[in-house]
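Protein chains in written order, with this note's numbering: chain A, 10 to 161; chain B, 10 to 161.
Glycine included, C-beta positions come from ideal geometry on N, C-alpha and C.
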DNA sequence: ACAAATAGTTAGCTTTGCTAACTAACATAG
DNA sequence: CTATGTTAGTTAGCAAAGCTAACTATTTGT
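This is how it looks when you write it as structure tokens:
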């Protein structure tokens with residue numbers, strides 16, 4: 010995106026509009042970079058993110074997974090199929106309600122996630138490590154606010 | 010994503026890995042939401058972002074635009090074509106070097122961006138407005154750091 | 001027992017990333 | 001001045017991931 014204060018309609022610095030606008034821009038740029046780092050693990054960001062929910066949150070239904078990842082059920086169904094094809098998770102039919110499909114990470118899924126997520130954030134992590142403790146603190150403080158804005 | 014501290018391999022809270030990992034997660038979730046808000050303007054996030062560069066940064070070559078948006082030239086070429094088809098920008102051949110194509114926003118582009126970007130961040134902006142001044146400050150402080158991490 | 005609701009899947013479309021291969025224009029070495 | 005190499009952009013073709021619509025198979029409830 011571009012700098013503020015160039016347009017006559019640029020919002021006042023520090024206003025809600027200004028924060029929202031600049032955050033939007035920053036998020037776009039940061040995510041674009043993070044997407045590239047993901048490549049190293051051989052899995053895309055959406056797949057790793059879904060797998061992460063399973064590894065850290067335990068077995069889930071497809072619907073719950075879709076809700077957690079804020080995507081529609083068909084989208085998650087397809088992501089789950091891709092992860093299943095790679096042997097990273099398995100579908101387990103629910104005996105008490107046969108419409109339901111529970112999904113759980115396999116041992117390979119756990120392993121890949123732990124190795125992969127480290128690789129995934131490695132470059133970013135290195136940059137973070139290069140920051141001052143104060144800067145790191147500022148980012149850490151802002152993260153819960155970002156999650157709040159994301160609608161968690 | 011999920012909570013930390015569940016895995017035995019979760020990075021120490023506040024460590025570079027922890028910051029990187031949680032920021033990655035927060036960015037994914039925030040962006041997923043922002044992407045939906047974009048729909049209201051009738052243009053996608055990448056298109057609006059590119060148009061924004063033109064409106065706030067002035068006419069650019071396709072290559073410069075691609076660099077600014079951190080995508081490859083063919084990707085930007087296609088986005089430019091889409092925006093051109095919608096009358097939001099125009100290609101202007103460079104007289105001094107006829108390989109070069111300069112791209113500039115049309116009046117319609119300016120208008121749409123100014124109206125659209127407001128609409129685009131409206132929901133987010135409303136949520137930001139609901140935050141305390143202190144929280145807003147914390148986000149604002151973190152934004153330059155996020156841009157730095159994004160590699161600007 | 002039949003209608004309505006719920007969980008997932010499948011099919012098909014769009015957008016946006018990418019790389020590879022191409023054209024056109026410029027720059028420079030011989 | 002030509003030949004070679006470099007640079008800017010386009011075209012073509014692929015994959016991933018988002019969506020809606022339409023379908024199947026269950027379960028629930030009247």
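Practice problem: Go through its chain and collect everything with a Cβ distance to residue 145 (chain B)'s Cβ below 8 Å, but skip five positions before and after it. | Solution: Residues 137 of the same chain have their beta carbon placed closer than 8 Å to that of residue 145 (chain B), with the five preceding and five following residues left out of the count.
Self-check item: Residues near residue 82 (chain A) by beta carbon distance below 8 Å, same chain, minus five either side
Solution: Short of 8 Å from the beta carbon of residue 82 (chain A), and not among the five residues preceding or following it, lie these beta carbons of its own chain, in chain order: 71, 72, 75.
Quiz prompt | Member of A:52, A:51, A:89, A:55 whose CA lies at the smallest distance from the CA of residue 68 (chain A) | solution = The candidate whose alpha carbon is nearest that of residue 68 (chain A) is A:89.
Quiz item: With a cut-off of 8 Å, does the C-beta of residue 71 (chain A) fall near any C-beta of chain B?
Solution: Not closer than 8 Å to any Cβ of chain B, the Cβ of residue 71 (chain A) fails to qualify, so no.
Exercise. Would you decide whether residue 101 (chain B) is buried or exposed? Buried here means 16 or more other CB atoms lie within 10 Å of its CB.
Key: That one is exposed.
Quiz item: Below 8 Å between beta carbons: does that hold for residue 98 (chain B) and residue 154 (chain B)?
Solution: With contacts defined by Cβ atoms closer than 8 Å, residue 98 (chain B) and residue 154 (chain B) do not form a contacting pair.
Quiz item: Mind pulling the alpha helix (DSSP H) runs of 4 or more residues that sit fully within the region 49 to 74 of chain A?
Solution: For the region 49 to 74 of chain A, whole alpha helix (DSSP H) runs of length 4 or above, ordered along the chain, are 54 to 66.
Practice problem: Tell me residue 102 (chain B)'s beta-bridge partners as DSSP assigns them. | Solution: Answer is B:110.
Quiz item: Does any residue of chain B bring its CB to less than 8 Å from the CB of residue 56 (chain A)?
Solution: Under the Cβ distance rule, residue 56 (chain A) does not count among the residues neighbouring chain B, no pair being separated by less than 8 Å.
Quiz item: How is the alpha helix (DSSP H) around residue 93 (chain B) delimited, first residue to last?
Solution: Following the DSSP letters along the chain, one finds residue 93 (chain B) inside the alpha helix (DSSP H) bounded by residues 82 to 94.
Practice problem: Can you tell me the Cβ-Cβ gap for residue 36 (chain B) and residue 36 (chain A), rounded? I've got them flagged as a contact below 8 Å. | Solution: Indeed they touch by this definition, with Cβ atoms about 6 Å apart.
Exercise. Tell me, please, whether the CB atom of residue 52 (chain A) is closer than 8 Å to any CB atom in chain B?
Key: Not closer than 8 Å to any Cβ of chain B, the Cβ of residue 52 (chain A) fails to qualify, so no.
Quiz item: Which chain A residues sit within Cβ distance under 8 Å of residue 60 (chain B)?
Solution: The contacting residues do not exist; residue 60 (chain B) stays about 10 Å from chain A at best.
Self-check item: Chain-ordered neighbours of residue 85 (chain B) on chain A, where CB pairs are closer than 7 Å
Solution: Those do not exist, as residue 85 (chain B) stays about 13 Å from chain A at its closest Cβ, beyond 7 Å.
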